[in-house]
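Per this note's numbering, the sequence shown starts with residue 10, numbered consecutively.
Even glycine gets a Cβ: it sits at the ideal position worked out from N, Cα and C.
To start, the structure under review is shown below, and the notes come after it.
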Amino acid sequence: MTRQILVTSALPYANGPIHLGHLVEYIQTDVFVRFQRLRGHRVAYLCADDTHGTAIMIRAQKEGRTPEQLIADMSVQHQRDFAAFGISFDHYGSTNSRANHDIAAGIWRNLRAQNLVVERSVDRLYDPVQKTFLADRFVVGECPRCGAAEQYGDSCEKCGATYPATELKNPRSVHSGAKPELRPSAQLFVRLTPLQPMLQEWTQRSGALQAEVANYLAGHFLDKPLQDWDVSRPAPYFGFEIPDAKGQYWYVWFDAPIGYIAATREWCERTGQSLDDWWRKPGVEIVHFLGKDITYFHTLFWPALLHVGGYRLPSRVQIHGFLRVGGEKMSKSKGTFVTAAKYLEHLDAEWLRYYYASKLGNKIDDLDFQPDEFVGKVNSDLVGRVVNLASRTARFVEASGLSARYPDDGGRFARAAAQREAIAAAYEACDFREATRLVMLLADAANEYVEQKAPWTLKKDPARAAELQDTCTVVLNLFHQIAVYLQPVLPQLAAKAGALLGSSCDRWDLVATPLVGRPVAKFEHLMARVEPDKVQAMFTPELSAAPASAPPAPAASADDGATLTKEPLAPTITIDDFQKVDLRLARVVAAESIPEAKKLLRLQLSLGGGTTRTVFAGIKGAYAPEQLVGRLVVMVANLAPRQMKFGTSEGMVIAAGTDGEVFLLSPDAGARPGQRLH
């Protein structure tokens, strides 16, 4: 029976790049989605950028551009990174959309009509430097329960406690570092206690939640009356103004999950479908994937909004743990905070897809990225056990093709086909660790057959050509089954296997019928081995210990004139010549490495007032992209555009240096983008 399944990943916040921690979730979701498509079900995979809130507003101000420009640039970067890792969204939207506003307004009207909105004044934390109230996630301090340092203003990652941000000890603003002040603020709240019986029923009896999540909610929230949910923020705030409360804006967590519905509406409008057929029709499965840090938003507040809005509640909420590297949190200073773009400079995307899948069970366990384990799993499992099957046999039958009838293989193909339901059950349960384990057992059995038959020996005896063809037919069919089973995890490898054997590898039932009497394409390289030094390079900070914004002072001996000897002063010019060069301050609003270029970074520079320029700068060896974003640089603003291999460069960034050294120039504090150098 064909199922109709709507699947979402949590919306990435448009305030930073996609990193390896994010990719745990999107790879997990994509494997599930591809598996369901492989089984023939009707699946829609929707996502969007989460774009509202104080952090977006403040960053945009610092960079001299509008929030809309910032989120537009981040959307491009996010979608580029997701595509590089094979994440197969049907539609990718933005919470700053007309569709999201309209749907949020409709749910709000229902909340008002059911008398679920109340207003009262509360004391909230205020940043006196940025002159704005602080969202919970933009206050850090010591947990009021266990005392752990560097915890956010809504929950503690160490002990799991939740609390108001006002209870944090020694709080500080993540934006300015200032100690927040308590100030009164008129706030709108959604009353959750009238909805508590419904939430109790759904969380404890629907089967939508993992057992540990249901138990957590029962013991920490539903064992007492639910607190009212603060859903408004006063101006200034980047978001949607509440239609019936001038000067108040919906808190980002109100309209962010509604973005799932808005993205669906945009996709339906583009494809001629009905939104109600996905969010209101009985029988449709709605599946959310998300991290454990946003559990209670998606398992209490979000179902409450859906219920009031007349939408279907989620059929399943699949929650995963965090990513650690070598047993520790990701760290920029240690080089273990790795962006998706940086990973791709060194390693293949499918390697990470397999590594994550091989470690993802259906529990809420943290994943630990171990470099040695990563190298071992890819080289042993994928290259040594899977790709090896094709590389040791396909060349021998390029001329003859597969046998006309499937040979006697001692029941190996039948046994592998019989595993399809067990493997499918593991995928369905999101126990990808078990699914890949079962597939690797099939690979081991196939490799044992290769060793027994030794096709390289059969090749030496022309009289055994038929036996060689039969042997290769068996091995390539076992390889084909494995490629289909792994297609949700490794879509590119499956496509290459399909091209080799003339198969689509896009239907689960293909594992039940052998391929016979068909040609075998010329064998081409399917997957490389991981080089350990490339993994190490990915985790190595690209800069020296000195920060890019403050390079170390040169030694006194550097003033001895040696630099002038190497680079003498240029001939004298007139003041008129100098004034032809328009030197301006610009803020770096985006920076990315160009993998195929040894020295170039692509910089997006803001001159203020919405004027931006793309500049290619040969500073890759001295500055990491993430350490440039937000700083001021000097650029030649009236240089004629130059068409380069990687795009058009619209200016030049000024730097100093000799013998390969690179030092960007920065102004004193107070300077602004667009100011001219005189």
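- [ ] Counting only the same chain and skipping the five closest in sequence on each side, list residues whose C-beta sits under 8 Å from that of Leu299.
- [x] Ser18, Ala19, Glu34, His307, Val326, Gln327, Ile328 and His329
Task: Cys481 classed as buried or exposed, judged by whether at least 16 other C-beta atoms fall within 10 angstroms - done: buried
Task: Presumed contact (8 Å Cβ cut-off) between Gln196 and Asp163, rounded CB distance - done: About 15 Å separates the two Cβ atoms, so there is no contact after all.
Open item on the list: Do Leu477 and Leu485 count as a contact pair if the criterion is CB distance below 8 Å?
Closed with: no
- [ ] Could you spell out where the beta strand (DSSP E) holding Thr623 opens and where it closes?
- [x] Thr620 to Ala626
Open item on the list: According to DSSP, simplified to helix, strand and coil, what is Ala559?
Closed with: For Ala559, the predicted model reports a pLDDT of 37, less than 50, meaning its position is unreliable and no value from the coordinates is stated.
- [ ] Pull up the CB-CB distance for Gly268 and Ala57, whole angstroms please, since I reckon it's below 8 Å.
- [x] 5 Å
TODO: Tell me where the alpha helix (DSSP H) around Trp276 begins and ends.
DONE: Ile267 to Thr280
Task: Residue interval of the beta strand (DSSP E) (run including Val455) - done: A small correction: the amino acid at residue 455 is Ala; Val does not occupy that position in the sequence shown. Element bounds for Ala455: not the beta strand (DSSP E) but the alpha helix (DSSP H), Phe441 to Lys462.
TODO: Starting from the N-terminal side, write out each stretch of the beta strand (DSSP E) that is 3 residues or longer and does not extend beyond the stretch 75-153.
DONE: 100-103, 126-136 and 148-151
- [ ] May I have a chain-ordered list of the alpha helix (DSSP H) segments no shorter than 4 residues that lie completely inside the stretch 483-531?
- [x] 500-510
Task: Start-to-end residues for the alpha helix (DSSP H) that takes in Asn397 - done: Asn397 to Ser400
Open item on the list: What does the alpha-carbon distance come out to for the pair Val127 and Val199?
Closed with: 7 Å
Open item on the list: Quick check on Pro234: does DSSP put it in helix, strand or coil?
Closed with: coil
Task: Rounded straight-line distance, which links the Cα of Ser84 to that of Pro21 - done: 10 Å
Task: Through-space distance from Gly660 to Ala592, alpha-carbon basis - done: In the sequence as presented, Ala is not what sits at residue 592; that position holds Leu. Between Leu592 and Gly660, the C-alpha separation is close to 10 Å.
Task: Assigned exposure category for Glu576 - 16 Cβ within 10 Å defines buried - done: Result: exposed.
Task: Inter-stretch contact at 8 Å, needing at least 3 Cβ pairs: the stretch 527-537 / the stretch 392-408 - done: Yes: at least three Cβ pairs fall under 8 Å.
Open item on the list: Going by the DSSP bridge assignment, what does Met653 pair with across the sheet?
Closed with: Gly656
Task: Span of the alpha helix (DSSP H), counted from its first residue to its last, around His229 - done: Ala220 to His229
Task: Simplified DSSP assignment, three categories, for Asp677 - done: Coil, per DSSP.
Task: Distance CB(Arg274)-CB(Ala108) smaller than 8 Å - done: yes
Open item on the list: Taking a contact to mean a Cβ-Cβ separation below 8 Å, would you say Asp136 touches Ser106 in this structure?
Closed with: no
Open item on the list: Please tell me whether Ile251 and Trp259 are closer than 8 Å, where the distance is taken between their beta carbons.
Closed with: yes
Task: 8 Å Cβ shell around Pro560 - same chain, five flanking residues per side excluded - done: Here the model assigns Pro560 a pLDDT of 39, short of 50, so the residue's position is not dependable and the matter cannot be decided.
TODO: Could you tell me whether the stretch 68-87 touches the stretch 39-54, using the rule of 3 or more Cβ pairs below 8 Å?
DONE: no
- [ ] Assign Gln219 to one of two classes, buried (16 or more other C-beta atoms within 10 Å of its C-beta) or exposed (fewer than that).
- [x] buried
Open item on the list: Quick check on the burial criterion: 16 or more other C-beta atoms within 10 angstroms. Buried or exposed for Met713?
Closed with: The first residue shown for the chain is 10 and the last is 687, placing residue 713 beyond what the model contains.
Task: Segment limits, alpha helix (DSSP H) that includes His355 - done: Note, His355: alpha helix (DSSP H), Ala349 to His355.
TODO: Return helix, strand or coil for Met10, following the three-state DSSP convention.
DONE: coil
Open item on the list: Just to confirm before moving on: does the CB-CB distance between Val448 and Met536 stay below 8 Å?
Closed with: No, the pair does not count as a contact, with Cβ atoms beyond the cut-off.
Task: Three or more C-beta pairs below 8 Å linking the stretch 488-503 and the stretch 518-525 - done: yes
Open item on the list: Taking a contact to mean a Cβ-Cβ separation below 8 Å, would you say Gly639 touches Arg596 in this structure?
Closed with: With contacts defined by Cβ atoms closer than 8 Å, Gly639 and Arg596 form a contacting pair.
Task: Continuous alpha helix (DSSP H) stretch holding His316: start and end - done: Note, His316: alpha helix (DSSP H), Trp311 to Gly318.
- [ ] Could you check which residue in Leu332, His355 and Val16 has the C-alpha nearest to that of Gly30?
- [x] The shortest C-alpha separation from Gly30 is found at Leu332.
Open item on the list: Please return the same chain residues whose Cβ sits closer than 6 Å to the Cβ of Leu204, not counting the five positions on each side in sequence.
Closed with: Ala313
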